[in-house]
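Asker: Using my numbering, read the sequence shown as starting at 325 and increasing by one per residue.
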Amino acid sequence: DQFADNHFIRSIIEDDLQSGKCQRVITRFPPEPNGYLHIGHAKSICLNFGLAYIYDGLCNLRFDDTNPEKESDEYVRSIKEDVQWLGFQWNEECFASDYFERLYEYALELIKAGKAYVDDLDAEEMRQYRGTLMEPGKNSPYRERTIEENLDLFARMRAGEFPDGSKTLRLKIDMAAGNINLRDPVIYRIRRVHHHRTGDKWVIYPMYDYTHAISDAIENITHSLCTLEFESHRPLYDWVVENIEIAHQPHQYEFSRLELLYSITSKRKLNQLVVQDHVSGWDDPRMPTISGMRRRGYTPEGLRLFAKRVGISKSENVVDMSVLEGAIREDLESVAPRMIAVLNPIKVELINFDEALTQSREAPFHPHHPEMGERLMPLTKTIYIEADDFALDPPKGWQRLTLGGEVRLRYSYVIKCEEVVQDASGRVVSLKCSIDHDTLASKPQGRKVKGVIHWLSTEHAVSATVRLYDRLFTVERPDAVRGDDGQYRDFIEFLNPASVTEIDALVEPVANTLAPETRYQFERLGYFVTDRYDHSAENPVFNRTVTLRDTWQT
Ligand code: ATP
Ligand code: MG
Ligand code: MG
325 DQFADNHFIR SIIEDDLQSG KCQRVITRFP PEPNGYLHIG HAKSICLNFG
375 LAYIYDGLCN LRFDDTNPEK ESDEYVRSIK EDVQWLGFQW NEECFASDYF
425 ERLYEYALEL IKAGKAYVDD LDAEEMRQYR GTLMEPGKNS PYRERTIEEN
475 LDLFARMRAG EFPDGSKTLR LKIDMAAGNI NLRDPVIYRI RRVHHHRTGD
525 KWVIYPMYDY THAISDAIEN ITHSLCTLEF ESHRPLYDWV VENIEIAHQP
575 HQYEFSRLEL LYSITSKRKL NQLVVQDHVS GWDDPRMPTI SGMRRRGYTP
625 EGLRLFAKRV GISKSENVVD MSVLEGAIRE DLESVAPRMI AVLNPIKVEL
675 INFDEALTQS REAPFHPHHP EMGERLMPLT KTIYIEADDF ALDPPKGWQR
725 LTLGGEVRLR YSYVIKCEEV VQDASGRVVS LKCSIDHDTL ASKPQGRKVK
775 GVIHWLSTEH AVSATVRLYD RLFTVERPDA VRGDDGQYRD FIEFLNPASV
825 TEIDALVEPV ANTLAPETRY QFERLGYFVT DRYDHSAENP VFNRTVTLRD
875 TWQT
């Protein structure tokens, strides 16, 4: 199938279905709407929606919106668009904020059971009381408040009687627990911040662990999949669902986070690139966001293939860019039609061009897909070739054009360079070449011509803006470089100053008929896509998605 092969979570699910522990698989993808989704989220989306697909189950899209200061409707909208673009449809669209009232009621239940209390310690004091890995914590002096007092204080916290940060609601678990997450975790804090959905209704907000566990239980999630840093939170997750009155008991399983070299997979850091204007936005084609990769020309199929290849496990999942680009290339190979573009042109005059004698041929849009059709490649007296395909002083083994040398024009004749026109400084301005008229559909007589170059008729070529991209960062792990003082250096220092180059290029007239987000291979140059926003049929704009060969191997 198209999703990750047998991995430990599939084994768990198959056992659960077999044993009857679970009747129907229900998963969820739970982004916080505090940024756009990135390649790491794509892995999680493919996992959660993929499992629902494989086992004929359901997957919810849940917005984990409990940190109002960083969340917005724009992020909600972009997340929905990205999930759909990747090819998935959710069962229910849920918001943790829709559960605020129920979460509050569960908190009352916990207080009444003597399992939660209002604490007056501030953040710094709480840190001191919490202890360390080596040393148990100490009970807060407020831990033994009566149930009545706690009920009263918690109601007044909700009513807005206390300033921000002055009180919290904590679970009464065990301040000596080996797992620090169980040392009376905070489940509510006072924050007077406008929420993108609940407005100013609440001044207390529930914390992640508490909210997540109960949201999973409410939605009947069977397999709650998250990344490994939550492994030590699982005992708290279990504690919460075991200590509230709720029918369904979800279970959490952890897998390793995807890390992409020469890139960044943290919404907070990607946000920094956006707000500091290092990129044009979250969907800049250099960004590892789903919307950026979309704009770059990556395909949903290619990203799903990538997610399948990186797999699911608990071991480190650090992946080279070549794996991502390889998957994209593999998908584009058979779906992108081909055309000719000349990025850096010089003119060639075909000195023996003869209207009556010189013919033009049809060229297929794809060598293996005749259904994509073909078009005439008109040969005219002057053509453009790529400046790089000519060398006055060629290196050994040169198979392209040089003075006195021959080369085949793709879909056309063999030509020979007879004369080089240079300006006063010696720069090559144009070439004069002759056509061997016996070579249109046959090999040249008595000699081998190995090189084939691309070209465009000067009369038919149309201009286009082409954007060439390089890696966004100059080091493998931009956010993990330490300076001499042992401190992490700002990843912004490692931005590649030449990550985008915009040029005026020449392309085939078909470019003037294309809609935005149309993918083509430019022969010999790479895969390109018409820009989602900036392209128009009158003024074509192409982004290079990926080169044809792996240029990442060093
Ligand atoms: P970030 O640090 O970028 O904000 P996050 O984990 O806080 O990431 P969420 O919006 O909470 O982002 O993530 C939604 C889901 O996507 C979570 O289940 C999370 O585990 C998963 N996820 C996020 N980043 C990655 C990653 N790099 N690899 C795999 N899964 C990821
Ligand atoms: Mg998160
Ligand atoms: Mg985060």
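C-beta: ideal position from N, C-alpha, C; glycine also.
Roughly how many angstroms separate the alpha carbons of Arg856 and Thr825, rounded to a whole number?
Answerer: 18 Å
Asker: Taking Val517 and Ile538 to be in contact with their CB atoms under 8 Å, please state how far apart those CB atoms are, rounded to whole angstroms.
Answerer: Actually they are not in contact, since the Cβ atoms of Val517 and Ile538 sit about 21 Å apart, beyond 8 Å.
Asker: Measuring alpha carbon to alpha carbon, tell me which of Leu457, Arg454, Leu493 ends up nearest Glu473.
Answerer: From the listed residues Leu457, Arg454, Leu493, the smallest Cα separation to Glu473 is found for Leu493.
Asker: Taking 8 Å as the threshold, find out whether the region 356–369 comes into contact with the region 383–403 through three or more Cβ pairs.
Answerer: yes
Asker: Quick check on the burial criterion: 16 or more other C-beta atoms within 10 angstroms. Buried or exposed for Tyr812?
Answerer: exposed
Asker: Less than 8 Å between the C-beta atoms of Pro609 and Tyr793, yes or no?
Answerer: yes
Asker: Please write down, chain order preserved, every residue whose beta carbon lies under 5 Å from a heavy atom of ligand 1.
Answerer: Pro355, Glu356, Gly364, His365, Lys367, Ser368, Cys550, Thr551, Arg581, Leu582, Thr589, Ser590, Lys591
Asker: What does the alpha-carbon distance come out to for the pair Glu847 and Pro702?
Answerer: 17 Å
Asker: Quick one: Cα of Thr869 to Cα of Pro624, how far?
Answerer: 13 Å
Asker: Measure from the alpha carbon of Glu817 to the alpha carbon of each residue in Ala711, Ala437, His557, Pro802, then state which is nearest.
Answerer: Between Glu817 and the set Ala711, Ala437, His557, Pro802, the nearest pair of CA atoms involves Pro802.
Asker: I need the straight-line Cα distance from Asp508 to Thr456, nearest angstrom please.
Answerer: 14 Å
Asker: Which runs of the beta strand (DSSP E) spanning at least 3 residues fall entirely within the region 514–579, listed in chain order?
Answerer: 528–530, 547–551, 575–579
Asker: How should Met663 be labelled, buried or exposed, when 16 other C-beta atoms within 10 angstroms of its C-beta is the threshold for buried?
Answerer: buried
Asker: State the Cα-Cα distance for the pair Val738 and Val786, rounded to the nearest angstrom.
Answerer: 24 Å
Asker: Kindly provide the ranges of any alpha helix (DSSP H) runs that are 4 or more residues long and lie completely inside the region 469–508, ordered along the chain.
Answerer: 471–482
Asker: Applying the 10 Å Cβ sphere with the 16-neighbour rule, what's the burial state of His692?
Answerer: exposed
Asker: Output the distance between the C-alpha atoms of Leu552 and Phe424, rounded to the nearest integer angstrom.
Answerer: 27 Å
Asker: Output the distance between the C-alpha atoms of Asn567 and Ser637, rounded to the nearest integer angstrom.
Answerer: Taking the straight line from one Cα to the other gives about 30 Å.
Asker: Assuming Gln746 is part of the beta strand (DSSP E), what are its boundary residues?
Answerer: Residues 738–746.
Asker: What would DSSP say about His784, mapped onto helix, strand or coil?
Answerer: coil
Asker: From the DSSP output, in three-state form, read off Gln845 for me.
Answerer: strand
Asker: Rounded to a whole number of angstroms, what is the C-alpha to C-alpha distance between Tyr377 and Arg628?
Answerer: C-alpha separation (whole angstroms): 13 Å.
Asker: So for Trp606, helix, strand or coil by DSSP?
Answerer: Under the three-state reduction of DSSP, Trp606 is assigned to coil, being neither helix nor strand.
Asker: Three Cβ pairs or more, each shorter than 8 Å: is that satisfied between the region 697–715 and the region 657–671?
Answerer: yes
Asker: For Trp883, which of helix, strand or coil comes out of DSSP?
Answerer: The question about residue 883 has no answer here: the residues shown for the chain are numbered 325 through 878.
Asker: Below 8 Å on the Cβ atoms is my contact criterion, and I expect Asp828 with Thr798 to pass it. Report the Cβ-Cβ distance as a whole number of Å.
Answerer: In fact, because the Cβ distance is near 27 Å, the residues do not count as touching under 8 Å.
Asker: Which parts of the region 352–386 are runs of the beta strand (DSSP E), unbroken and 3 residues or longer, counting only runs that do not cross its ends?
Answerer: none
Asker: Distance check for Pro694 and Asp762, CA to CA, integer angstroms please.
Answerer: 27 Å
Asker: Any idea which residues DSSP pairs Ala440 with across the strands?
Answerer: Leu495
Asker: Can you tell which of Val865, Tyr851, Ser343, Ala366 has the C-alpha that lies nearest to the C-alpha of Pro840?
Answerer: Comparing Cα-Cα distances from Pro840 to each of Val865, Tyr851, Ser343, Ala366, the minimum goes to Val865.
Asker: Determine the direct distance from the alpha carbon of Cys346 to that of His602, and round the result to whole angstroms.
Answerer: Using only the alpha carbons, I get a separation of about 48 Å.
Asker: Round the Cβ separation of Leu594 and Met645 to the nearest angstrom and send it over; I've been treating them as touching at under 8 Å.
Answerer: About 16 Å; that fails the 8 Å criterion.
Asker: Label Asn863 either buried or exposed according to how many other C-beta atoms from any shown protein chain fall within 10 Å of its C-beta, with 16 as the threshold for buried.
Answerer: exposed
Asker: Can you tell me whether Pro624 is helix, strand or coil according to DSSP?
Answerer: helix
Asker: Which residues does DSSP list as the beta-bridge partners of Arg685?
Answerer: Met701
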